[in-house]
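**Student:**
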Amino acid sequence: MAIVLAEVVAVSFTNVSTQEHNLVFLAPIDVRTSEIVRPGEVERLELVTPGAGTYEFVCTIHEEMTGSLLVR
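Its first residue numbered 1188, the sequence shown is counted upward by one per residue in our numbering.
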């Protein structure tokens, strides 16, 4: 996922899986969904980008599931 540097960014997390998941951004971004997002549920997150860079996120239920947000 890549975005242009902005003050506030909205991210929609849609669980299209048949399993429960969540989305947790790692430091320095302190934003997360509920502990459990059930299949078919959508959660909207708002975050402030700390500057250009790559910011990691994980599913703490399935720690092998990771991703990153690129801010330019």
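Where is the CB? At the ideal position from N, CA and C, for every residue including glycine.
Could you tell me whether the Cβ atoms of T1220 and L1210 are closer together than 8 Å?
**Tutor:** yes
**Student:** So, E1207 versus V1235, is the Cβ gap smaller than 8 Å?
**Tutor:** no
**Student:** Is it true that the CB of R1231 sits closer than 8 Å to the CB of S1260?
**Tutor:** Residue 1260 is absent from the structure shown; the chain starts at 1188 and stops at 1259.
**Student:** Output the distance between the C-alpha atoms of T1253 and T1241, rounded to the nearest integer angstrom.
**Tutor:** 13 Å
**Student:** Between I1216 and R1259, what straight-line distance do the alpha-carbon atoms span, to the nearest angstrom?
**Tutor:** Rounded to the nearest angstrom, the two C-alpha atoms are 16 Å apart.
**Student:** Going along the chain, which residues of its own chain have a beta-carbon closer than 8 Å to the beta-carbon of V1229, five neighbours each way excluded?
**Tutor:** S1199, F1200, T1201 and N1202
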